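Asks: First, the structure itself, so that you have it in front of you.
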Amino acid sequence: MVQIYRFLCIRKPYLVRKCRLVFDSTPTMRTIEVDQTTVLIDSTMHITDIDQATALTHSTSTTHTADIGQATAPTFDTIMKNRVRLSEASDKILKYRQYIADADVKRINKELRNFNRDEQDFKQTLSDTVQAMQNGQASEVTLTELLEEFEESSCSSPMVDNVIESYQALSRRISFIRHCETVNIKVISSGNEISDLLSPSATGDTFILIIPKAIDYVTIEQYHDWNIFRLLREDNEGANFIVHDAAIVPIGAQSNGLTELTIIKYSGSKKSPDQDTFRASILRPSVKLSMTEPVSQVERDKLTGHTLRMPCPLSHEGGCHSGALRWVCHKCEDVLKYEYDEVVYCRCGKTSLENCTFRCDSVTHGYQYEKLHTQSIQSIREKIRPGDDEINILLLGETGVGKSTFINAFANYLRYDSLEVAERMEMITLIQSSFEIEGKKVTAGKPDQNEKLKGGQSSTQYCRSYVFPLNDDIKVRLIDTPGIGDTRGVKQDRINFEEIMDYISGFDKINGVCILLLPDTPRLTTSFRFCIDELLLHLHKSAADNILFTFTKTRSSFYGPGDTMTPLKTYMRELEKESGITIPLGSNTMYFFDNESFRLYAALKQGIIFDQNTKDAFGASWIKSVEEARRLVKRVIELTPHKTAETVTLDMARRSILLLAPAMAKINENITIEVKDIMNLRTEAQNNKISAEGLKEKLICSYMDLDPINLIHPRTVCTSASCTTIQDKIVRYNKHCHAECALPNVVINVVNHAGLRGCSAMDGETCQICGCRWEKHMHVKIDYSEVKKQKTDTAVEKQLKEKLSAVDAMQLAISEADDRIKVLESEKKVIFDSLMTFTCFLLQNSILVQNTGVIAYIDMSIENQERIAHRTKDFAILNSLIAQKNDFVAQMEIIENAIKDGKSKDIKVTPQEVINAREALCKLKVNGQALTNVLDWGKQNQAQLSKRETRITDGYVSGGWSWSGTFSRAKKSIFGKLGFQG
3 MVQIYRFLCI
13 RKPYLVRKCR
23 LVFDSTPTMR
33 TIEVDQTTVL
43 IDSTMHITDI
53 DQATALTHST
63 STTHTADIGQ
73 ATAPTFDTIM
83 KNRVRLSEAS
93 DKILKYRQYI
103 ADADVKRINK
113 ELRNFNRDEQ
123 DFKQTLSDTV
133 QAMQNGQASE
143 VTLTELLEEF
153 EESSCSSPMV
163 DNVIESYQAL
173 SRRISFIRHC
183 ETVNIKVISS
193 GNEISDLLSP
203 SATGDTFILI
213 IPKAIDYVTI
223 EQYHDWNIFR
233 LLREDNEGAN
243 FIVHDAAIVP
253 IGAQSNGLTE
263 LTIIKYSGSK
273 KSPDQDTFRA
283 SILRPSVKLS
293 MTEPVSQVER
303 DKLTGHTLRM
313 PCPLSHEGGC
323 HSGALRWVCH
333 KCEDVLKYEY
343 DEVVYCRCGK
353 TSLENCTFRC
363 DSVTHGYQYE
373 KLHTQSIQSI
383 REKIRPGDDE
393 INILLLGETG
403 VGKSTFINAF
413 ANYLRYDSLE
423 VAERMEMITL
433 IQSSFEIEGK
443 KVTAGKPDQN
453 EKLKGGQSST
463 QYCRSYVFPL
473 NDDIKVRLID
483 TPGIGDTRGV
493 KQDRINFEEI
503 MDYISGFDKI
513 NGVCILLLPD
523 TPRLTTSFRF
533 CIDELLLHLH
543 KSAADNILFT
553 FTKTRSSFYG
563 PGDTMTPLKT
573 YMRELEKESG
583 ITIPLGSNTM
593 YFFDNESFRL
603 YAALKQGIIF
613 DQNTKDAFGA
623 SWIKSVEEAR
633 RLVKRVIELT
643 PHKTAETVTL
653 DMARRSILLL
663 APAMAKINEN
673 ITIEVKDIMN
683 LRTEAQNNKI
693 SAEGLKEKLI
703 CSYMDLDPIN
713 LIHPRTVCTS
723 ASCTTIQDKI
733 VRYNKHCHAE
743 CALPNVVINV
753 VNHAGLRGCS
763 AMDGETCQIC
773 GCRWEKHMHV
783 KIDYSEVKKQ
793 KTDTAVEKQL
803 KEKLSAVDAM
813 QLAISEADDR
823 IKVLESEKKV
833 IFDSLMTFTC
843 FLLQNSILVQ
853 NTGVIAYIDM
863 SIENQERIAH
873 RTKDFAILNS
883 LIAQKNDFVA
893 QMEIIENAIK
903 DGKSKDIKVT
913 PQEVINAREA
923 LCKLKVNGQA
933 LTNVLDWGKQ
943 NQAQLSKRET
953 RITDGYVSGG
963 WSWSGTFSRA
973 KKSIFGKLGF
983 QG
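The numbering of the sequence shown is this note's numbering, which starts it at 3 and goes up by one.
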């Protein structure tokens, strides 16, 4: 019993009833000596009655002493070690509690309390058990059960291991934060917000990396935006960089579903509008030039270099892909040009290729700019070639045909050969699209202000390009456009097409024009004809060879055109008969896709479960769509690109005709008025030899004007049409029903004011003076009187002051007016000739001159809206449609009249002549400025338009993928399947 008490009383004295113990939460170890035995105990443990405790060793039975000591010693060692482990682990976390969420802090403190509680419970129970065993009230079985129960407590090693393991994510966050602090990246701490780090007077750029709760820092290196963030920091000296961890500071309810890292740029204290362009600027192959020689603009114009296209210097080591890239100067952002003798140049100047360092757009490249390695210079030189191989595909289609889903699906079809492969890989989401499947809403892609997703209206608000690599040499640009057949009316469709023409004017070529159709249109309906007409109306006839009919949702029609083939054939026959232009319908112009397989893929990625039969069925559909995607790309590459300037010029001609016709009428009116005035002057000068004073009186023109008179008392007047007249745009109230009405509280200039019923001019509901109802009356306090006024011709007056005769002054005015008429007649001819130039170009180069179905389409829309308006009593949309119909009737008359004149002009007009004619109009002496304003038909700045582009660089799409794995291995995959020779 002496040994058990040495263990229980000295090593663990708190287990003895006679020992009163007080514990502190911080265990600092020390040794004490009791009864010639040295033991390790907590220094904060106070032992009272220690003598009594040791004295008990002489009077207590020694039964089972050795067994109990051996059984319990390891458990107490475990408690002590686990206390130290847990305390050290929690201290490391809580040291940075400003970067730990409140919930995590509470969890850690709770786990510490649980440990202390279970430790106390175990010790107390063990003390009671030992006492019971001494008294013969318990056996060794009870002790064994107690030790087994201990393994389920918070003090056991497995439980402590689990707790410490749960701290690993927090430890990684703290390590990440400490790294950020060392590289001067600020982290928003608990209790703060972004605004705390962005003062209202802040200047310069700030880049904020938002990290969602779901992100584990062990994988952060795999996230593309983290690498972009570090690249931005490398290339933007002086900018501020902030990390916003949603696990520390919540982002907001609107961002709870955020799963990817996101970078937001601020300019000063406000969010920058160019949220896309900074990515494009960093994710592109860039070059740093050294030892440059200045090159003037004149010298640069004389250089004949081509765009530098070469592999990254690291490609020889396998670190980056070996495809040819286009390089941009890091400083001036000019595309680098390659001249003979290995000279490269940009706006910064020119230098040798060996004086350049390169960083490609692959994330694996890293942040450093690399020089050309000596051993690889020759092999890289052999791969340098001019050119910029990009395929531009314009997507056009009716609203609701599924362009946005098609864009996402198309990129995935070109990337993954099968649904099975795609399911294991990261989904490519170029654009947000939303749909329902199995009663659940599925959304692919991040929220995009350009995608409103509002029923009936075109979900795409503006044109936007999506560029991704097809292989090492070719990139595909899909140009997304607003849909045709917008519920806001034909006027909105025309606005959308103006947007499309403005946008594509920034591209030199269009390789393919894909008209997206649905396979379930059995008849040549009004809306079908209108939409096809409207699409072809804006295309140059040279684009007819580039038109490809792309059908979506064709799984139900067995991957064919379905019922749409019949009306499409009928339409094409009519088109050929009317315009002489043939657009064949065959395997080279028709392509069939199934958006549904992509929708199922998106649903799978969102966690929706499908049975294997369903997946197999859609898997076969996926493979079919892959074949069609490759077939379409192969055909687009084979086609001669359409020169975008031709379609843009055609649209310019059409819009100019519509705008010039009213201007022409106004100029004719002005000339007629001026001629009439001169004839009057000439007749008067010939028939009257008057003195200078008499002529001066003639030159002072008299006219009647209306002067306002403020009335002392309100006047009751009638506003009905029979009692009013309009004079010089002023309403004259002819009936003064009560000249001085003293009624109080009647609001001035308000018709139908209830107080007017009390006017003495009223006899019940009718006015005694004018006979109209009282509701037509109002109070006014202003009247108008006719006043005769005069104005003087200042030019003639000046001549008269110089003692010239009145006749001479009049002749001078006549001469000046004659000159003006000659100028106007000359300008009238220029305008007419320009109008004929535009018209002839339109006739010679358009697939369709007029959309003859537009009026029928508007009539159909009016008929539908009439039913809605009578039900809702809201006639705003109906009235707008009626106004639109009137506008389009007038526009069609303008075009038809111009065509009548244009057909007699058998002249060949080039696009440059159209541009020259427009420039000539803007230079006219009298009407030039007005025509410049008229003809400035809203073309947007191309630099701004070009920013509306999502460019996916080699090696990355939506979380990280590389085309090189599919396309660059000796043409064995898609590019080889397209039928090209390597």
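Backbone N, C-alpha and C fix where the C-beta goes; we use that ideal spot for every residue, glycine too. Quick caveat, the model's predicted, so the values are computed rather than measured.
#1: Nearest-angstrom Cα distance between Leu587 and Ile481?
#2: By the three-class DSSP mapping on this structure, what secondary structure does Asn394 have?
#3: On the criterion of 16 or more Cβ atoms from any shown chain inside 10 Å, does Ser63 qualify as buried, or is it exposed?
#4: Would you mind reading off the limits of the beta strand (DSSP E) that contains Pro471?
#5: Report all residues from its chain with a CB closer than 6 Å to the CB of Ile680; omit the five preceding and five following residues, and keep chain order.
#6: Pull up the DSSP beta-bridge partners for Gly399, would you.
#7: Indicate the three-state DSSP secondary structure (helix, strand or coil) for Ala249 in the structure shown.
#8: Measure the beta-carbon distance from Val297 to Tyr347 and round it to whole angstroms, keeping in mind my assumption that it falls under 8 Å.
#9: Specify, as a first and last residue, the run of the beta strand (DSSP E) that Glu951 falls within.
#10: Is the distance from the Cβ of Phe551 to the Cβ of Ile517 below 7 Å?
#11: Could you tell me how far apart the beta carbons of Pro287 and Glu372 are, in whole angstroms, since I believe they sit closer than 8 Å?
#12: Any chance the region 771-783 sits against the region 742-752, with 3 or more Cβ pairs inside 8 Å?
#13: Around the C-beta of Ala744, are 16 or more other C-beta atoms found within 10 angstroms, so that it is buried, or is it exposed?
#14: Using C-beta distances below 7 Å, list every residue in its chain close to Lys215, excluding the 5 sequence neighbours before and after it, in chain order.
#15: Do three or more CB pairs link the region 227-237 to the region 169-179 at distances below 8 Å?
#16: With which residues is Ser288 paired in a DSSP beta bridge?
#17: Can you tell me whether Pro524 is buried or exposed? The criterion is at least 16 other CB atoms within 10 Å of its CB, across all chains shown.
#18: Our contact map puts Thr839 next to Ala932 with C-beta atoms below 8 Å; I'd like the distance itself, whole angstroms only.
#19: Taking Lys824 and Cys772 to be in contact with their CB atoms under 8 Å, please state how far apart those CB atoms are, rounded to whole angstroms.
#20: Quick check on DSSP: helix, strand or coil for Tyr593?
#21: Within 10 angstroms of its Cβ, does Ile549 collect 16 or more other Cβ (buried), or is it exposed?
#22: Quick one: what does DSSP say Tyr225 is sitting in, helix, strand or coil?
#23: Once DSSP output is grouped into helix, strand and coil, what is the label at Pro913?
#24: Report the CB separation of Asp198 from Lys267 in whole angstroms; it is logged as a contact under 8 Å.
#25: Going by DSSP, what residues sit across from Gln370 in a beta bridge?
#26: Per the DSSP calculation, Gly351 is bridged to which residue(s)?
#27: By how many angstroms is the C-alpha of Ser89 removed from the C-alpha of Phe78?
#28: With DSSP collapsed to three states, give me the class of Thr59.
#29: Using a Cβ distance threshold of 8 Å, determine whether the region 645-656 contacts the region 490-508, with at least three qualifying pairs required.
#30: For the region 428-439 against the region 577-591, do three or more pairs of beta-carbon atoms, one drawn from each stretch, fall closer than 8 Å, so that the two count as touching?
#31: What residues are listed by DSSP as bridge partners for Glu788?
#32: State the start and end residues of the unbroken alpha helix (DSSP H) segment that holds Val628.
#33: Quick one: is Asn137 buried, meaning 16 or more other Cβ sit within 10 Å of its Cβ, or exposed?
#34: Give me whichever residues DSSP pairs with Ile816 in a beta bridge.
#35: Flag this pair as touching only if the region 563-577 and the region 399-414 have three or more C-beta atom pairs under 8 Å; answer yes or no.
#36: Quick check on Arg759: does DSSP put it in helix, strand or coil?
Replies: With the structure as the only source:
#1: Rounded to whole angstroms, Leu587 to Ile481 spans 23 Å at the Cα level.
#2: strand
#3: For Ser63, the pLDDT reaches just 42, beneath the cut-off of 50, and the residue's location in the model is therefore unreliable, leaving the point undetermined.
#4: Arg466 to Pro471
#5: Ile816 and Ala819
#6: Leu518
#7: coil
#8: 6 Å
#9: Glu951 to Arg953
#10: Yes, the pair counts as a contact, with Cβ atoms nearer than the cut-off.
#11: Not a contact, Cβ separation roughly 11 Å.
#12: yes
#13: exposed
#14: Ala248 and Ala249
#15: no
#16: Paired residues: Val330 and Arg361.
#17: exposed
#18: Actually they do not touch by this definition, with Cβ atoms about 19 Å apart.
#19: Not confirmed; about 54 Å, so no contact.
#20: Taken through DSSP and simplified to helix, strand or coil, Tyr593 comes out as strand.
#21: buried
#22: Coil, per DSSP.
#23: helix
#24: Not a contact, Cβ separation roughly 18 Å.
#25: None; Gln370 has no bridge partner.
#26: Its beta-bridge partners are Cys348.
#27: 17 Å
#28: In this prediction, Thr59 scores a pLDDT of 35, lower than 50, which makes its location untrustworthy; no coordinate-derived value is stated.
#29: yes
#30: no
#31: Leu708
#32: Where Val628 is concerned, the enclosing alpha helix (DSSP H) stretches over Gln614 to Glu640.
#33: Burial call: exposed.
#34: Answer is none; Ile816 lacks a bridge partner.
#35: no
#36: helix
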